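Heads up: the sequence shown is residues 608 to 851, going by my numbering.
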Amino acid sequence: MRSAIACWQWLLAARPDMELQFLQEMSAAWQMTIDREVGLFSEDPVQVDPLAAYEGCELAPNGPFIAPHSLWVKFLSERLEVAKYCNMNEVEIFANILHRSLPVAVGSSHHNRRHIASMGTRFRLLACGLSLLQGDVLPRAVCKNVLRERIYTAALDHFCGPSMCPTQKGSELRDDITTLIKFWNSLHSDKKYLRATMMGDFTESSGSQNLSLSLSSEWRSSTELSQTRAPQTGWMNTMPLSSN
């Protein structure tokens, strides 16, 4: 995976005109990992309870193999920080990747795993989503609210699993804890962005309502003006009496 990322970086540096096409192909490859349930999206391995050990069982950490996805998510976060200031098409591709990767309900088991070994990679991906939302690069639409809901849902769902001791060690565990703290800080500061989004949507809706009200009032005033300017002709179906 490190060699693949090095090739990707070389390709993007040598051929910047192929960047959008490359991201589309990479998004399709990411979707394949979701469909095949590998890496970050694989099922959690069965954990043996030490209090219910049986003959022949192996009492050792048995976490999913997520090292490739961990490197992949770091690459995505770096590309996102560059794309959200210069290319809206790439931002939409990253938003679609996040939409397909995150669940829509707390407690669902489809494409959502809760092993503690995937904590750092998962919350690094969620932090990318919050950075995308707080950067104010997405249009104010329903997809923005749905993406925020998916991020909150995935964060809550991760803690629905059983209590588990960390399988990471040393610097890897330290990096995962740092990632979790950074996500918490971003989540805590997200309320001001959420308030700004709600006020912006309210302003847009009130502006459209004021526009419709002004148009209707102008239409009524123009109608009344035309009625007042119309000549008084009296009864239309009457004929004057002849003076013979």
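Don't be surprised by glycine CBs; every beta carbon is placed ideally from N, CA and C.
Bear in mind that the values here come from a model prediction, so they are computed numbers and not experimental data.
Cβ separation of residue i and residue j, assumed to be a contact under 8 Å, to the nearest whole Å
i    : j    : result
V698 : A690 : 6 Å
D656 : P671 : That belief does not hold up - the Cβ atoms of D656 and P671 are roughly 19 Å apart, past 8 Å.
A702 : L658 : Not quite, the Cβ-Cβ distance comes to about 45 Å (not below 8 Å), so this is no contact.
T774 : P668 : 4 Å
I673 : A724 : 6 Å
Q638 : R707 : 6 Å
E675 : G646 : Correcting the residue type first, residue 675 is Pro in the shown sequence and not Glu. Indeed they touch by this definition, with Cβ atoms about 6 Å apart.
Rounded C-alpha distance that separates residue i from residue j
i    : j    : result
E811 : F629 : For E811, the predicted structure reports a pLDDT of 48, less than 50, and the residue's modelled location is therefore unreliable. The matter cannot be settled from this model.
S815 : Y800 : Low per-residue confidence applies at S815: pLDDT is 47, beneath 50, and the placement is therefore not dependable enough to give any value.
L737 : S793 : 7 Å
N696 : K776 : 39 Å
M726 : D783 : 7 Å
L618 : D642 : 27 Å
A635 : P746 : 24 Å
V744 : P769 : 37 Å
S649 : W791 : 25 Å
S778 : M608 : 20 Å
A613 : T640 : 20 Å
L822 : C750 : Residue placement at L822 cannot be trusted, given a pLDDT of 47 that sits under 50; the coordinates are not used to answer.
R654 : A621 : Looking at the sequence provided, one finds Gln at residue 654 rather than Arg. So the alpha carbons of these two residues sit roughly 46 Å apart.
N752 : M771 : 32 Å
R781 : K798 : 27 Å
L763 : K789 : 16 Å
E644 : H722 : 14 Å
S796 : A660 : 45 Å
E665 : L754 : 40 Å
Other residues of its chain near residue i: CB distance less than 8 Å, five sequence neighbours each side excluded
i    : result
E756 : V711
C735 : V680, L683, S684, L687, F701 and L705
A633 : The sequence given here places Met at residue 633; Ala does not occur at that position. Once the five neighbours on either side are set aside, the close Cβ partners of M633 are W615.
E626 : L619, N694 and E697
Contacting residues, own chain, Cβ-Cβ under 6 Å from residue i (five flanking each side not counted)
i    : result
L709 : R757 and A761
C767 : G714
S898 : Residue 898 falls outside the range modelled here, since the chain spans only 608 to 851, and no answer is possible.
Y562 : Past the boundaries of the shown model lies residue 562; the chain is included only from 608 to 851, so the question cannot be answered.
G742 : K691
R720 : D651
Neighbourhood of residue i by C-beta distance below 7 Å, restricted to the same chain and skipping five residues each side
i    : result
P847 : With a pLDDT of only 48 at P847, under 50, the local geometry of the prediction cannot be trusted, and the value read off the model is given with reservation. For P847, where only same-chain residues beyond five positions count, there are no Cβ hits under 7 Å.
L818 : Interpretation of L818 is limited by its pLDDT of 46, a score under 50 that renders its predicted location unreliable; the figure taken from the coordinates is listed afterwards. Result list for L818: empty, nothing under 7 Å.
R802 : none
L787 : M726 and F730
E662 : none
Any non-hydrogen atom of the ligand ZN closer than 8 Å to residue i Cβ
i    : result
E699 : The ligand ZN is not part of this structure, which contains no ligands at all.
Those runs of the alpha helix (DSSP H) which lie wholly inside the segment 646-724 and span at least 4 residues
Taken in chain order, the unbroken stretches of alpha helix (DSSP H) that lie wholly in the segment 646-724 and span 4 residues or more are 674-690 and 695-708.
Counting pairs of Cβ atoms below 8 Å between the segment 726-745 and the segment 683-690, do you hit three or more?
The segment 726-745 is in contact with the segment 683-690.
Which complete alpha helix (DSSP H) runs does the segment 741-767 hold, if anything under 4 residues is left out?
If we require 4 residues or more, the alpha helix (DSSP H) runs fully inside the segment 741-767 come out as 749-765.
To test your reading of the DSSP string, which unbroken alpha helix (DSSP H) runs of 4 or more residues are found completely within the segment 611-645?
As far as the segment 611-645 is concerned, its whole alpha helix (DSSP H) runs of at least 4 residues are 626-643.
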